[in-house]
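**Student:** Residue numbers for the sequence shown, in my numbering: 11 to 336.
From the three backbone atoms N, C-alpha and C, an ideal C-beta is built for every residue, glycine too.
Treat the numbers as computed from the prediction; the structure is a model and nothing was measured.
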Amino acid sequence: MVRKIPTQVPQQMSRMLESKLVQQPPTWWGAVLANPPPVLPPRQVTPRNRPDATLKQYPDLEEAHFAQHHGRPHSKNHKQKHLKEIKPKPVQISYAIDKIRRQFFADFPFEALRPTSISEGIDIADENPVQGKNWTKLVQRGRYPTVEDTIQFAQKLHAEDGMALQLAYDEAVSQFCQLRAHHEMASQAAETEARHYGAHFKRDESDLQTRTFDKERSALARTAIEQSDDPNAAAGNTGLKWIRKPKVWASDVPAGTIPVGEFTGAKTYVAKWSLPAPARWAGANTEEPKGELLKLLGRKARAPPPPKADGEMDDAQLLAAIRGKQ
């Protein structure tokens, strides 16, 4: 139990009796109420005779006496602080737009990685006509606002509309995220529509999974060619990679690909499969089987006539002619 101060003991007992925690008062209750404990002072100082500091018999008290009345003496190497010259420092210059820009790139670090042209031309570009009080929405600068447009819009809300800097920044960032989300959804819808109509786009560098599958497929095909027994397949593997040229997608359809005429149920397309009509010659049999293929199969193959002799000699005749016996 915590030790109580003597003056608080009767007060604590009276509270315990009122709360029925103690049913009967203790024996010392009446004596303590009649003679309460005395209140002692918090600190008792005993008076003592201090020696005189001016006397020579106490040399150790001279420095204490001097320090008490005149302060502690300074050494030769110590410089007093009030004698030091205060070095002039420039006043810190800060702009609200710098705070907005620093906070924006802290929240959206990947916006700094987007390519931006910073080259200067001959003429200075005109400022956007939407300025001042007429600029109430970020979309007035375009449906794909830049980072600087967002920062300037937050600065405009803070400086001209009287909004707090944090509220102006939150409003500008909210509109910026909304416009970027609309642009991303529109881009995805346009890409899906283009792929539906046969467009082929260049693969993104971030599409690592598809690129990995393509490399795996090409490695397996190369291994299969090396392990095959076909000499033609091994000879055809020269180590050169075949690069597929990307197809250029356009919305214009060539006129030759559009069918002309009524719908015939692919009869016109099948009619092009038939062989051309055979050549006719004099004296040919007029009764020929019907059908293009049967006509060609029904004809008898004729052997070509032997070539006429043009005075050729064999080796024996040639040798006899040289000797003059013929």
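Does DSSP put Val183 in a helix, in a strand, or in coil?
**Tutor:** Here Val183 sits in helix by DSSP.
**Student:** When you compare only the Cα positions, how much space is there between Ala276 and Ala209?
**Tutor:** Going by the C-alpha atoms only, they are around 27 Å apart.
**Student:** Using CA coordinates, which residue listed in Lys30, Met23, Thr156 is at the minimum distance from Trp38?
**Tutor:** That would be Met23, whose Cα lies nearest to the Cα of Trp38.
**Student:** Mark Asp159 as exposed unless 16 or more other C-beta atoms lie within 10 angstroms of its C-beta, in which case mark it buried.
**Tutor:** By the 10 Å Cβ count, Asp159 comes out buried.
**Student:** Taking contact to mean 3 or more Cβ pairs, one atom from each stretch, closer than 8 Å, check whether the stretch 128-145 and the stretch 101-114 are in contact.
**Tutor:** No, they do not touch.
**Student:** How is the alpha helix (DSSP H) around Glu28 delimited, first residue to last?
**Tutor:** Glu28 -> alpha helix (DSSP H) spans 19-28.
**Student:** Answer with buried or exposed for Pro155, where buried requires no fewer than 16 other C-beta atoms within 10 angstroms of its C-beta.
**Tutor:** Buried is the call here.
**Student:** Applying the criterion that 16 or more other CB atoms from any shown protein chain within 10 Å of the CB defines a buried residue, is Ala326 buried or exposed?
**Tutor:** Exposed is the call here.
**Student:** Cα separation between Cys187 and Ser228?
**Tutor:** Taking the straight line joining both Cα atoms gives about 41 Å.
**Student:** Assuming Ala331 is part of the alpha helix (DSSP H), what are its boundary residues?
**Tutor:** Residues 325-333.
**Student:** By the 10 Å Cβ neighbour count, where 16 or more other Cβ atoms means buried, how is Ile161 classified, buried or exposed?
**Tutor:** By the neighbour-count rule (16 or more Cβ atoms within 10 Å), Ile161 is buried.
**Student:** Mark Arg151 as exposed unless 16 or more other C-beta atoms lie within 10 angstroms of its C-beta, in which case mark it buried.
**Tutor:** With 16 or more Cβ atoms within 10 Å of its Cβ, Arg151 is classed as buried.
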